[in-house]
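Participant: First the structure, then my questions, so here it is.
Residue numbers (my numbering), protein chains in the order written: chain C, 1 to 95; chain D, 96 to 579.
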């Protein structure tokens with residue numbers, strides 16, 4: 001199966017990435033090569049095989065319903081590119 | 096005596112006998128770093144100031160007879176593990192200024208045992224790569240041959256240990272990122288069982304595969320390091336609530352009668368001649384120590400790389416969605432919110448990270464989910480079953496760590512698929528969640544180290560340590576040092 005240029009652009013949009021003309025061409029070529037390689041999985045019959053998402057059995061983990069201190073707002077905001085008061089400031093969304 | 100060249104156990108003895116002081120160890124470490132770092136470039140951040148503060152604390156602890164496993168021992172940490180208030184970049188421009196407000200569980204445990212942080216080591220951006228050439232900042236070179244890569248993604252940690260710029264290090268391993276650089280740099284690297292070590296504070300790449308482990312100068316140091324970092328952690332719901340044995344107890348146990356599986360799928364065309372010869376010699380050596388080699392088959396081995404690159408990239412595309420310029424790291428200007436997200440991600444991520452995010456996004460996208468992601472998960476089941484079957488008959492499995500010794504800088508950089516295929520012998524272990532170690536097993540005629548991989552059952556690191564230690568004690572490969 002071949003990934004078209006339009007599909008590369010679509011995937012980039014879903015990935016929230018801008019691609020230059022040159023990048024779109026390079027990634028398109030490389031993705032096709034990798035996807036082409038991955039296709040050989042289709043030679044295995046997996047019709048009766050359960051998928052594995054985790055190798056060890058996982059259970060829901062609960063903790064006691066008692067309050068604990070969380071990261072103070074000031075600390076949480078220390079790495080923010082544009083903090084204001086107790087908030088993260090971002091470009092305007094609604095005009 | 097240069098203190099930076101010693102092992103954890105050697106230093107422990109000298110420090111506890113008060114023959115040396117932690118500050119003297121740190122002096123020798125940074126003397127070495129100053130001497131070789133221009134060439135090797137293992138580190139992204141060198142934490143000299145913190146190291147001397149930690150050395151003063153260590154000295155105090157020793158004077159009060161309160162020394163513990165790592166008191167006064169300089170350890171380097173891969174730069175994808177959070178260290179509170181110390182730069183943690185994942186070798187990515189998108190996190191170039193990130194100082195975590197919290198500490199990862201592994202480094203908390205190192206701290207509790209009195210370690211000294213030497214610095215944060217280089218890696219392929221977000222641990223995506225096999226050569227450390229994908230770092231967003233600079234490449235790291237192999238201490239054995241500066242024209243070669245150190246392997247990856249934990250290339251900085253492996254190079255730092257090999258070059259004696261630290262005594263031990265932490266790496267992380269998603270598809271071979273501890274074991275392959277350990278093999279390329281002639282040191283010991285262990286990927287523990289999935290769930291053995293907490294991932295809290297490890298920046299996520301592929302959450303169902305990532306695992307933290309030690310890179311050390313010998314097998315007993317790896318056991319000491321695992322003793323420190325292993326164990327259940329309430330902050331990581333995937334860490335296993337399972338008892339942790341004293342791994343040092345496994346060292347020195349006899350391997351007489353131990354059954355070692357030799358999977359025929361790992362001795363294939365394309366494997367380097369010298370690598371094959373030395374691994375076969377290593378198997379002979381284990382046999383001479385009483386182990387019983389048995390030929391076994393892991394029939395789905397040839398599908399592991401394809402399976403991995405679907406599952407790992409799918410998980411990565413989801414995990415890396417958080418880098419959007421809002422809460423931390425790089426923010427690029429945009430005319431609106433969406434434009435800001437996209438400008439930030441386009442500017443902040445390198446080519447390999449973009450490639451993997453797009454591959455994962457494609458595999459998860461509507462219409463392709465069953466063909467790729469679900470298919471990958473099903474083949475993962477088959478790969479895991481291969482191991483379950485073989486471990487009914489053998490105690491450990493022995494293979495080469497990598498099909499070749501270290502390759503040259505730039506050799507595979509232009510062809511992502513060729514780079515992915517260099518992980519062919521390490522990837523299955525992550526998909527199955529089992530533990531595996533790489534230990535030095537010889538040198539090529541060009542004086543490049545090669546690695547022997549020993550895999551074990553889930554939560555049976557002890558059989559791995561026992562086997563690795565028996566081999567190491569009957570050889571001298573681990574004592575060689577690069578002439579930098």
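All C-beta atoms, glycine included, are put in the ideal place defined by N, C-alpha and C.
Quick one: what does DSSP say residue 536 of chain D is sitting in, helix, strand or coil?
Facilitator: Residue numbering aside, residue 536 of chain D sits at position 441 when the second chain is read from its first letter. Residue state, collapsed to three classes: strand.
Participant: Quick test of your reading: residue 559 of chain D and residue 530 of chain D, contact by CB under 8 Å. State the CB separation rounded to the nearest angstrom.
Facilitator: As a position in the second chain, residue 559 of chain D is number 464, starting the count at 1. As a position in the second chain, residue 530 of chain D is number 435, starting the count at 1. Their Cβ separation, rounded to whole angstroms, is 6 Å, which keeps residue 559 of chain D and residue 530 of chain D in contact under 8 Å.
Participant: Can you give me the Cβ contacts of residue 293 of chain D inside the same chain, cut-off strictly under 7 Å, excluding the 5 residues immediately before and after it?
Facilitator: Residue numbering aside, residue 293 of chain D sits at position 198 when the second chain is read from its first letter. Taken in chain order, the residues that qualify are 200, 201, 328, 330, 331, 334.
Participant: Please go through the same chain and pick out, in chain order, the residues whose beta-carbon is closer than 6 Å to the beta-carbon of residue 20 of chain C, but skip the five residues on each side of it.
Facilitator: In the first chain, residue 20 of chain C corresponds to position 20, counting from 1. Around residue 20 of chain C: no qualifying Cβ.
Participant: Here's the rule I'm using: 16 or more other beta-carbon atoms within 10 Å means buried, otherwise exposed. How should residue 94 of chain C be labelled?
Facilitator: Within the first chain, numbered from 1, the residue matching residue 94 of chain C stands at position 94. When all chains shown are included, residue 94 of chain C counts as exposed.
Participant: Any beta carbon from chain D within less than 8 Å of residue 68 of chain C's own beta carbon?
Facilitator: In the first chain, the residue the question calls residue 68 of chain C occupies position 68. No, because no Cβ of chain D sits closer than 8 Å to the Cβ of residue 68 of chain C.
Participant: Mind checking if residue 4 of chain C is an interface residue toward chain D, Cβ cutoff 8 Å exclusive?
Facilitator: Locating residue 4 of chain C in the first chain gives position 4, counting from the first residue. Taking Cβ atoms only, chain D never reaches closer than 8 Å to residue 4 of chain C, which makes this a no.
Participant: Starting from the C-beta of residue 339 of chain D, find all residues in its chain whose C-beta is less than 7 Å away, skip the five residues before and the five after it, and write them out in chain order.
Facilitator: For the purposes of this step, residue 339 of chain D is taken as the residue at position 244 of the second chain. The residues 325, 326, in chain order, have a CB closer than 7 Å to that of residue 339 of chain D in the same chain once the five nearest residues on each side in sequence are set aside.
Participant: Tell me whether the stretch 457–468 of chain D and the stretch 510–525 of chain D touch, counting them as touching only if at least three CB pairs, one residue from each stretch, are closer than 8 Å.
Facilitator: no
Participant: List, in chain order, every chain B residue whose beta-carbon is nearer than 7 Å to that of residue 80 of chain C.
Facilitator: Judged by its chain identifiers, the structure shown contains no chain B, and its protein chains are C and D.
Participant: Output, in chain order, the set of chain D residues within a Cβ distance shorter than 9 Å of residue 50 of chain C.
Facilitator: To locate residue 50 of chain C, count along the first chain from 1; it is residue 50. Neighbours of residue 50 of chain C on chain D, chain order: 472, 473, 476.
Participant: Measure from the C-beta of residue 87 of chain C to each C-beta in chain D and report whether the shortest distance is under 8 Å.
Facilitator: Here residue 87 of chain C is taken as the residue at index 87 of the first chain, counted from 1. No, residue 87 of chain C lies away from the interface with chain D (no Cβ there is under 8 Å from its Cβ).
Participant: Flag residue 321 of chain D as yes if its beta-carbon sits less than 8 Å from any beta-carbon of chain C, otherwise no.
Facilitator: Walking along the second chain from the start, residue 321 of chain D turns up at place 226. Cβ-Cβ to chain C under 8 Å: no for residue 321 of chain D.
Participant: By a C-beta neighbour count over all protein chains shown, 10 Å radius and 16 as the cutoff for buried, is residue 87 of chain C buried or exposed?
Facilitator: Position 87 of the first chain, counting from 1, holds the residue named residue 87 of chain C. By the neighbour-count rule (16 or more Cβ atoms within 10 Å), residue 87 of chain C is not buried but exposed.
Participant: Near residue 419 of chain D, which residues of its chain fall below 6 Å by C-beta distance, leaving aside the five closest residues on each side in sequence?
Facilitator: In the second chain, residue 419 of chain D corresponds to position 324, counting from 1. Contacts found: 436.
Participant: Counting beta carbon pairs with one atom in the stretch 372–391 of chain D and one in the stretch 488–508 of chain D, are three or more of them shorter than 8 Å?
Facilitator: yes
Participant: Counting Cβ pairs closer than 8 Å, one from the stretch 445–461 of chain D and one from the stretch 26–34 of chain C, do we hit at least three?
Facilitator: Three or more beta-carbon pairs drawn from the stretch 445–461 of chain D and the stretch 26–34 of chain C are found closer than 8 Å, and the two stretches are therefore classed as touching.
Participant: For a contact defined as C-beta to C-beta under 9 Å, what are the partners of residue 329 of chain D on chain C?
Facilitator: Counting from one through the second chain, the residue named residue 329 of chain D turns up at place 234. Those are 61, 63, listed as they occur along chain C.
Participant: Under DSSP, the beta strand (DSSP E) around residue 268 of chain D begins and ends at which residues?
Facilitator: Counted from its first residue, the second chain places residue 268 of chain D at position 173. 263–268 is the extent of the beta strand (DSSP E) around residue 268 of chain D.
Participant: Does the count of Cβ pairs from the stretch 149–157 of chain D and the stretch 186–193 of chain D closer than 8 Å reach three?
Facilitator: The stretch 149–157 of chain D is not in contact with the stretch 186–193 of chain D.
Participant: Kindly say whether residue 9 of chain C, judged by its beta-carbon, lies nearer than 8 Å to any beta-carbon of chain D.
Facilitator: Residue mapping note: residue 9 of chain C aligns to position 9 of the first chain, counting from 1. No, because no Cβ of chain D sits closer than 8 Å to the Cβ of residue 9 of chain C.
Participant: So what does DSSP say about residue 78 of chain C, is it helix, strand or coil?
Facilitator: Your numbering for residue 78 of chain C matches position 78 in the first chain. It is coil, neither helix nor strand.
Participant: For residue 421 of chain D, report the span of its alpha helix (DSSP H) as first-last.
Facilitator: Taking the first residue of the second chain as position 1, residue 421 of chain D is located at position 326. No alpha helix (DSSP H) contains residue 421 of chain D, which DSSP labels as neither H nor E.
Participant: Counting only runs of 4+ residues fully inside the stretch 117–158 of chain D, write out the alpha helix (DSSP H) ranges in chain order.
Facilitator: Counting only unbroken stretches of 4 or more residues, the alpha helix (DSSP H) elements lying wholly within the stretch 117–158 of chain D are 117–135, 143–158, in sequence order.
Participant: Which word fits residue 417 of chain D, buried or exposed, when buried means at least 16 other C-beta atoms lie within 10 angstroms of its C-beta?
Facilitator: To locate residue 417 of chain D, count along the second chain from 1; it is residue 322. Exposed is the call here.
Participant: Per DSSP, what kind of secondary structure is residue 329 of chain D in: helix, strand or coil?
Facilitator: Against the second chain, residue 329 of chain D aligns to sequence position 234. Collapsing the DSSP output to three states places residue 329 of chain D in coil.
Participant: For the alpha helix (DSSP H) holding residue 473 of chain D, just list the boundary residues, first then last.
Facilitator: Mapped onto the second chain, residue 473 of chain D falls at position 378. Note, residue 473 of chain D: alpha helix (DSSP H), 470–485.
Participant: Run through chain C and tell me which residues come within less than 7 Å of residue 527 of chain D, C-beta to C-beta.
Facilitator: For the purposes of this step, residue 527 of chain D is taken as residue 432 along the second chain, with counting starting at 1. In chain order: 55.
Participant: Considering only the beta carbon of each residue, do residue 527 of chain D and residue 410 of chain D sit closer than 8 Å?
Facilitator: On the second chain, position 432 is the one that residue 527 of chain D refers to. On the second chain, position 315 is the one that residue 410 of chain D refers to. No, the Cβ-Cβ distance between residue 527 of chain D and residue 410 of chain D is not below 8 Å.
Participant: Shortest alpha-carbon distance to residue 344 of chain D belongs to which of D:323, D:337, D:315, D:362?
Facilitator: Numbered from its first residue, the second chain carries residue 344 of chain D at position 249. The shortest C-alpha separation from residue 344 of chain D is found at D:315.
Participant: At a CB distance below 7 Å, what residues from the stretch 506–540 of chain D approach chain C? Give them in sequence order.
Facilitator: 511, 512, 527, 528
Participant: Under 7 Å between beta-carbons, which chain D residues line up against residue 75 of chain C? List them in chain order, please.
Facilitator: The residue you call residue 75 of chain C lines up with position 75 of the first chain. Ordered by position in chain D, the residues that pass the 7 Å Cβ test against residue 75 of chain C are 196.
Participant: From the DSSP output, read off the bridge partner residues of residue 237 of chain D.
Facilitator: Looking up residue 237 of chain D in the second chain gives position 142. Answer is D:240.
Participant: What first and last residue would you give for the beta strand (DSSP E) that runs through residue 306 of chain D?
Facilitator: Within the second chain, the letter at position 211 stands for residue 306 of chain D. Where residue 306 of chain D is concerned, the enclosing beta strand (DSSP E) stretches over 306–311.
Participant: CA-CA distance, residue 125 of chain D and residue 165 of chain D?
Facilitator: Within the second chain, residue 125 of chain D is the residue found at index 30, counting from 1. Within the second chain, residue 165 of chain D is the residue found at index 70, counting from 1. Cα to Cα, the separation comes out at about 18 Å.
Participant: Any residues in the stretch 28–39 of chain C with a beta carbon nearer than 7 Å to a beta carbon of chain D? Which ones, in chain order?
Facilitator: 30, 31, 33, 34, 37, 38
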